[in-house]
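Numbering (our numbering), first residue to last: 421 to 559.
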């Protein structure tokens, strides 16, 4: 006797659980943000991307991250045919508001094992107590 797990066949669930209907989930850059005393640390998952595929810049106070990958190398092998293809090829981007006080030179970034680590310094708060100024009232 063979024990085989029973699976209820539901065509509706099988169709809508297909990656075609959930494409936005695979394109999003999964991000964790940590706060330290002097920096914010972003950890962004970018599996399947190379360091050269990732571009970052600051625009109007937003840190813009863009990653692009293609399947050009796979098209060279003509043997066999794909039955199913789930790996993502294309472009994805995210943006984070960091303010206008931060520039490109202040940000440090490292890419290792499919994870992009970005360190953004915190703004220095002016802790000096400003003396209140009053408007003089004349006679």
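Beta carbons are placed, not taken as given, at the ideal position from N, Cα and C, and that holds for glycine.
query = For residue 466 versus residue 484, is the C-beta distance shorter than 8 Å?
reply = no
inquiry  = Which residue marks the beginning of the beta strand (DSSP E) containing residue 509, and which one marks its end?
reply    = Run containing residue 509: none; DSSP gives neither H nor E here.
Sufficient close CB pairs (3 or more, under 8 Å) joining the stretch 450-466 to the stretch 525-537 = yes
query = For residue 458, does the three-state DSSP call read helix, strand or coil?
reply = coil
task = Alpha carbon to alpha carbon, how far is residue 542 from residue 527? Give it in angstroms, no decimals.
result = 10 Å
Assigned exposure category for residue 540 - 16 Cβ within 10 Å defines buried = buried
message = Less than 8 Å between the C-beta atoms of residue 518 and residue 481, yes or no?
response = yes
ask   = Going by DSSP, what residues sit across from residue 466 in a beta bridge?
value = Residue 466 is not bridged to any residue.
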